[in-house]
Each structure stands twice: as C-alpha cells, then as structure tokens.
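A.B. asks:
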Amino acid sequence: MKFENSEAFAEKLDRQDSLNHFREKFYFPKHTDGSDILYFCGNSLGLQPKTAQDATEEVLEAWKTLAVEGHFEGSHPWISYHDELGVKMAKIVGAKPIEVVAMNTLTVNLNLMMVSFYRPNKNRYKILIEGGAFPSDQYAVKSQIEFHGYEVNDALIELHPRNGEDNLRTDDIIKTIKKHGDEIALIIMGGLNYYTGQVYDMKAISEVGHEVGAIVGFDLAHAAGNIPLNLHQWQVDFAVWCTYKYLNSGPGGVGGVFIHENNFKKDLPRFTGWWGYDRATRFLMKDTFEPMVGAQGWQMSNGSIFSMAGLKASLDIFELAGFDNLQIKARQLTAFLEFLIENLNLDDIEIVTPRNPKDRGSQLSIRVKNNDKSLFDKIRANGVIGDWREPDVIRIAPVPLYNSFMDVYRFVTILDKTMAKGN
Ligand SMILES: *Cc1c(COP(=O)(O)O)cnc(C)c1O
Numbered sequence: 018m019k020f021e022n023s024e025a026f027a028e029k030l031d032r033q034d035s036l037n038h039f040r041e042k043f044y045f046p047k048h049t050d051g052s053d054i055l056y057f058c059g060n061s062l063g064l065q066p067k068t069a070q071d072a073t074e075e076v077l078e079a080w081k082t083l084a085v086e087g088h089f090e091g092s093h094p095w096i097s098y099h100d101e102l103g104v105k106m107a108k109i110v111g112a113k114p115i116e117v118v119a120m121n122t123l124t125v126n127l128n129l130m131m132v133s134f135y136r137p138n139k140n141r142y143k144i145l146i147e148g149g150a151f152p153s154d155q156y157a158v159k160s161q162i163e164f165h166g167y168e169v170n171d172a173l174i175e176l177h178p179r180n181g182e183d184n185l186r187t188d189d190i191i192k193t194i195k196k197h198g199d200e201i202a203l204i205i206m207g208g209l210n211y212y213t214g215q216v217y218d219m220k221a222i223s224e225v226g227h228e229v230g231a232i233v234g235f236d237l238a239h240a241a242g243n244i245p246l247n248l249h250q251w252q253v254d255f256a257v258w259c260t261y262k263y264l265n266s267g268p269g270g271v272g273g274v275f276i277h278e279n280n281f282k283k284d285l286p287r288f289t290g291w292w293g294y295d296r297a298t299r300f301l302m303k304d305t306f307e308p309m310v311g312a313q314g315w316q317m318s319n320g321s322i323f324s325m326a327g328l329k330a331s332l333d334i335f336e337l338a339g340f341d342n343l344q345i346k347a348r349q350l351t352a353f354l355e356f357l358i359e360n361l362n363l364d365d366i367e368i369v370t371p372r373n374p375k376d377r378g379s380q381l382s383i384r385v386k387n388n389d390k391s392l393f394d395k396i397r398a399n400g401v402i403g404d405w406r407e408p409d410v411i412r413i414a415p416v417p418l419y420n421s422f423m424d425v426y427r428f429v430t431i432l433d434k435t436m437a438k439g440n
C-alpha cells in the first residue's frame, strides 16, 4: 500500500479497517486531559478486555455457589477449564490441541521444559542462545547448566550480530549451529527478540538443529498472539510463552506450553504432580504415575483458574477477529509507523527492527541517538505509553486488536515535536 503522511490519511485507513471496532472491547488508561492514552505497550502488558471482568466474576460466582463442586459443575468446570484455552492457543501457535497446555508461568515452564529437554552428557552438553536474551531466560538457562554440573563459560554459546549490525543473520545462526553441532544439546532462542523485534527463522533453526542432533525450543513471549507460528509443522520440540503480552490475559496470567507430539514418549524425564496424571484415573490416587497423553501430562498443580479467566476472555476476542485478519492489519500498522518515522527524516532516529515485514511483528524498536530517557519521559507526559530500553531505544508496539492508524499518526507527531524541542 502507498501511504500518505497526513491525519486525513490515517483517518481514512481507520475507516477502511474492518477490525477498528475491536478497540471498543478494551479499556484504555486515561491521559491527564481525559483522552485515551496512546498505548503501545501490548508487548509488555496487553490491555484489559472488557469481558475479563465477567469471566473473572463467573469464577467467583461458581466458587461462591458451588464451592468444591465447581471443579466438576457449572458452565466451565475447573477440572477442564484449561482445555478450551489449549485448543484456542493451539490455533494461534500452529499446533495440535494435544500439543498445547496452559499452566504455571513462563520462566517456570521454561525450567520445566529444560528438565525434559536439556539432557546433557559429557560430549553434548552445550546450550545455544541468542546473546542479550531476555534476562529471565538467561538466568534459567544458566541455572540449568550449573544444576547439571557444567560451567556456564564453557557450556553456553551465545549468538551475536556482526559488528555494526543489530540483528542476527540466519546464515550466521546456521553456521554457528553447524560449527558446534556435536556439542550442542539444546538450542533455545526467543522466537521474536524482545529488544530488537527481530523474528528468527524458526523453521530453519529447527531443521538445522535437528540435523546436528540437538533439541530445539523457543521462548515465544513476544511471538505468541503477535506473528504467525507453525510449531507443529516446523517440528519445534517445545515452546513456552506468557499470555499477558500480546494475548492480554492480565498481569501474571497463566503461561502456555507446546510440546511436539514426537516427544510424547513416556520415558522422557519430567517433574510430575497429580494434575499431569491421566484424568480418567487421577482421583484413584494411586502411587504409580500414569501421565496424561500430550502436553497436559506435564502439568503439576491444579490450574490457577482466576489467572485463566482473563485469558479465556481475550482468546474469545481473537477468535472473533480472526488471526489471519489481525495479521494483515498488523503488517499495515507497523508499516505505517515505519513510513511516518522515515518521513520525519531525522538523523538521530534509526529503526533497529528488521525492515522486511516477514522478519518482524507488531513492534518497532527505535534508536534515538544523542538522547536519553528524558526524551521518553517527555513523550510519556504527552500521553504515550511505550517502553524505554537503555541506552537509547524506544519500543513501540502497535497492536492490531486495539491500536488504530490514528494512534500511530499521533504518536509520530508527538515524537517529532519532542525530538525537535528537546535538543
Ligand atoms: C516477558 C518475558 C519473560 C517474563 O517471564 P515471566 O516468567 O512471565 O515473569 C521471560 N522471557 C521473555 C523472553 C519475556 O519476553
């Protein structure tokens, strides 16, 4: 599409956008002047669906009126509350329903998956990860290496962009995997890098990883609900994600896990608890363990129903909007943001995120050279919520479910004004 740099054009795009009314289904924080905040932080915490309250109250009501019998009775019995979430998330991540489960939270799940999928031995014990991975992932990975008695300095291989570049080249990733092929036990990368917004070629990484005999997993915290995924087809071994970013489940919302059906072998070690026990015979409370077949066999505790209620509300909205429709709008929104920023023609601005739409999602990381956080604070004071990453990057995530083209236009106007004034 050919964009124009004008308010009228942004308005026109909104009029033509068949998903525009979906923003009415979300609450926006308010700016001091009473208008809606320009919210571009859905990659950190998605906005609250207006239906989240009903979904939560339904759980309160069932608890109030059914008490313990709420596990088996009511419109959404708690014993199977997560089933529907798994089915709906499976569509979003490109998996079979049996390969997906909603449980725990992200870093917990990452550690649990490494219990099953990081099985080092003296020849093959290394973990490959992107350099500058989200800190929680780094801590989890390092703790697993040490837990197994290896040295982080020796066992961790980090991928870094070439000098002067911000993003990893797929060729370089593949070369590194091949180079260390015999030693790599596990490849674990973000599907979409939280800092740069780069989408990694998960299919290619999975293929090459398997060629050299490694297990391949992804952290999809910034990818789930954001970009198209095909985990089953790509033969990814496992993936984990949180649901409070693009999936709008609310703070600390339940995590998501994918385990490829190729891995449903009973002899795969795992940490177990009663909720992973075969549901048909779970309550016989036997002392030998019979896991549920599928990802649900990795559950340990009974579900946090309150944290699932928000996710349920949000996934219903995703289904209404249609993920494919959202993808089309997502690309346009981000491309419009890119176009307007380039139009500013400011030497101090550099877009870090890849320029090819297939290599990114709903996020641009914008480097504001010769500026510091005070610039971001001024932007915030003008009613924009984005995200600042030291030393000089503003992350802006225009989310197709609730952001408009006008939001994007207004943000760039504010950015322009603030940059001009600040220096
Ligand atoms: C958001 C995020 C986390 C957060 O982990 P929690 O366990 O949910 O607190 C971890 N890793 C990545 C890559 C993230 O983007």
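Positions in the sequence shown are counted from 1; adding 17 to them yields the numbering used here.
Glycine included, C-beta positions come from ideal geometry on N, C-alpha and C.
Can you check the stretch 115-186 for any alpha helix (DSSP H) of at least 4 residues that lies completely inside it and give the ranges in chain order?
C.D. replies: 123-134, 152-164, 169-172
A.B. asks: Return no unless some Cβ of chain B is closer than 8 Å to the Cβ of Leu350.
C.D. replies: Protein chain content of the structure displayed is limited to a single chain, and chain B is not contained in it.
A.B. asks: Rounding to the nearest angstrom, what Cα-Cα distance links Lys19 and Pro114 in this structure?
C.D. replies: 39 Å
A.B. asks: So, under 8 Å CB-CB, Ile402 and Phe39 are touching, yes? Tell me the CB distance rounded to an integer number of Å.
C.D. replies: Rounded, the Cβ-Cβ distance is 19 Å, inconsistent with contact.
A.B. asks: Tell me which residues share the same chain as Arg427 and place their Cβ nearer than 7 Å to its Cβ, disregarding the 5 neighbours each side in the sequence.
C.D. replies: Leu55
A.B. asks: Bridge partners of Asp404, per DSSP?
C.D. replies: Arg412
A.B. asks: Report buried or exposed for Glu116, applying the criterion of at least 16 other Cβ atoms within 10 angstroms of its Cβ.
C.D. replies: Buried: at least 16 other Cβ atoms inside 10 Å.
A.B. asks: Report yes if the CB atom of Lys262 is closer than 8 Å to the CB atom of Leu392, and no otherwise.
C.D. replies: no
A.B. asks: Would you kindly work out how many angstroms separate the C-alpha atoms of Gly91 and Ser133, rounded to a whole number?
C.D. replies: 35 Å
A.B. asks: At 4 residues or longer, and completely inside the stretch 321-380: list those alpha helix (DSSP H) runs for me, N to C.
C.D. replies: 322-338, 340-361
A.B. asks: Whole angstroms is fine: what's the gap from Ala330's alpha carbon to Tyr44's?
C.D. replies: Going by the C-alpha atoms only, they are around 13 Å apart.
A.B. asks: CA-CA distance, Pro245 and Asp376?
C.D. replies: 11 Å
A.B. asks: With respect to the beta strand (DSSP E) encompassing Ala231, which residues constitute its N-terminal and C-terminal limits?
C.D. replies: Unbroken run through Ala231: none, as it is neither H nor E.
A.B. asks: Met106 lies in the alpha helix (DSSP H); which residues open and close that run?
C.D. replies: 98-110
A.B. asks: Taking the alpha-carbon positions, what's the Asn360 to Thr430 distance?
C.D. replies: 11 Å
A.B. asks: Is Asn288 buried or exposed, if buried means 16 or more other CB atoms sit within 10 Å of its CB?
C.D. replies: It should be pointed out that residue 288 corresponds to Phe in this sequence rather than to Asn. Per the 10 Å Cβ criterion, exposed.
A.B. asks: Suppose the cutoff is 7 Å on Cβ atoms and the five residues either side in sequence are ignored; what does the same chain contact list for Val118 look like?
C.D. replies: His99, Gly103, Val274, Ala312, Gln313, Trp315, Gln316
A.B. asks: In chain order, what residues of the same chain have a beta carbon less than 8 Å from the beta carbon of Asn4, not counting five sequence neighbours either side?
C.D. replies: Because the chain is modelled from 18 through 440, residue 4 falls outside the range shown and cannot be assessed.
A.B. asks: Rank Leu432, Pro371, Ile411, Tyr419 by C-alpha distance to the C-alpha of Glu182 and give the top, closest one.
C.D. replies: Pro371
A.B. asks: In this structure, how does DSSP classify Ala241 when only helix, strand and coil are distinguished?
C.D. replies: Ala241 falls in the coil class under three-state DSSP.
A.B. asks: Let me know if Trp292 comes out buried or exposed under the rule of 16 or more other beta-carbons within 10 Å of its beta-carbon.
C.D. replies: Burial call: buried.
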